[in-house]
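Notes to accompany the following structure.
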Amino acid sequence: MSSTRRSMSHYDPAVAQVEKALQLAQSSNVPPELLQTLELACDLIQKRDDYTESNTSYDSAACRNILEQTLKHDWDAVHRQGKTTWNLRPGMMTGRLEGQFLKSLVSIHKCKKILDIGMFTGYSALSMAEALPADGKLITLDQDIYLKELVEGQFFKQSPHGKKIEIRIGNNIFNILENLSEIMEPKGFANIFLTYQVTPKSHSQLCY
605 MSSTRRSMSH
615 YDPAVAQVEK
625 ALQLAQSSNV
635 PPELLQTLEL
645 ACDLIQKRDD
655 YTESNTSYDS
665 AACRNILEQT
675 LKHDWDAVHR
685 QGKTTWNLRP
695 GMMTGRLEGQ
705 FLKSLVSIHK
715 CKKILDIGMF
725 TGYSALSMAE
735 ALPADGKLIT
745 LDQDIYLKEL
755 VEGQFFKQSP
765 HGKKIEIRIG
775 NNIFNILENL
785 SEIMEPKGFA
795 NIFLTYQVTP
805 KSHSQLCY
């Protein structure tokens, strides 16, 4: 099984390091046992991924569109034009496995209000919104107005569940959270999904 296929199947940084070790081993004079061990590790990872993919429900057409368009988008050009704070990458996106898992959690817990911190192109937000009741609400946060315009204009409008989602944008996620009156309501968010990059100290601020 080719390392190219493995590399494209997911964006796990730990797996990337194992694959890098395998490539170094293949180009070096290492004991055959070491090379075989690294090859086996990569093959086991691929088999695990194949198994979970084959046993996970398919995502909706709207979610698949988000995934496909995110992979094709020229994020380097967008960043050079100053439209995004960070040089964004498709690997930052929640995929089908995570999306279906989040959707299951929302359904199991019968959530009616969700906070999604770190929207990117909205895959996780729409996945969870699909499991919300008709009167459910999901608030998703991010930094760049470019993402809001992209997601609202091209992605969420393609789903009847997009109307359950409210996008809030600000340069500082914590300032948005401080002004988020919904958190202080007696029946606040039933589920909070965090993908925004924060330091351990900032993570404590978010949780407590």
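The C-terminal position of the sequence shown is numbered 812 in the working numbering, with every residue numbered one higher than the one before it.
Idealized CB from N, CA, C, for every residue including glycine.
Range covered by the beta strand (DSSP E) that runs through residue i
i	result
asparagine 795	795-798
Outcome for residue i when other beta-carbon atoms lying within 10 angstroms are tallied against a minimum of 16
i	result
aspartate 647	exposed
methionine 605	Any reading at methionine 605 needs caution, since the residue's pLDDT is 43, under 50, leaving its predicted position unreliable; the model's value is listed next. Methionine 605 comes out exposed.
alanine 735	buried
isoleucine 712	exposed
glutamate 623	buried
lysine 805	Annotation note: pLDDT 48 at lysine 805 (below 50); position unreliable, coordinate value reported separately. Burial call: exposed.
threonine 689	exposed
threonine 641	exposed
glycine 699	buried
aspartate 748	buried
lysine 768	buried
In DSSP terms, what residue i is bridged to
i	result
leucine 719	Ile743 and Ile796
glutamate 770	Ile743
CB contact flag (residue i, residue j, <8 Å)
i	j	result
leucine 745	methionine 732	no
leucine 730	cysteine 667	yes
glutamine 630	leucine 638	no
valine 755	threonine 725	yes
glycine 703	lysine 717	no
phenylalanine 793	leucine 719	yes
methionine 696	leucine 671	no
tyrosine 750	valine 682	yes
aspartate 678	asparagine 691	no
Residue i - containing alpha helix (DSSP H), residue span
i	result
glycine 703	700-712
threonine 656	636-658
glutamate 623	617-630
lysine 761	No alpha helix (DSSP H) holds lysine 761; DSSP gives it neither H nor E.
tryptophan 813	Nothing can be reported for residue 813: it is not among the residues displayed for the chain, which extend from 605 to 812.
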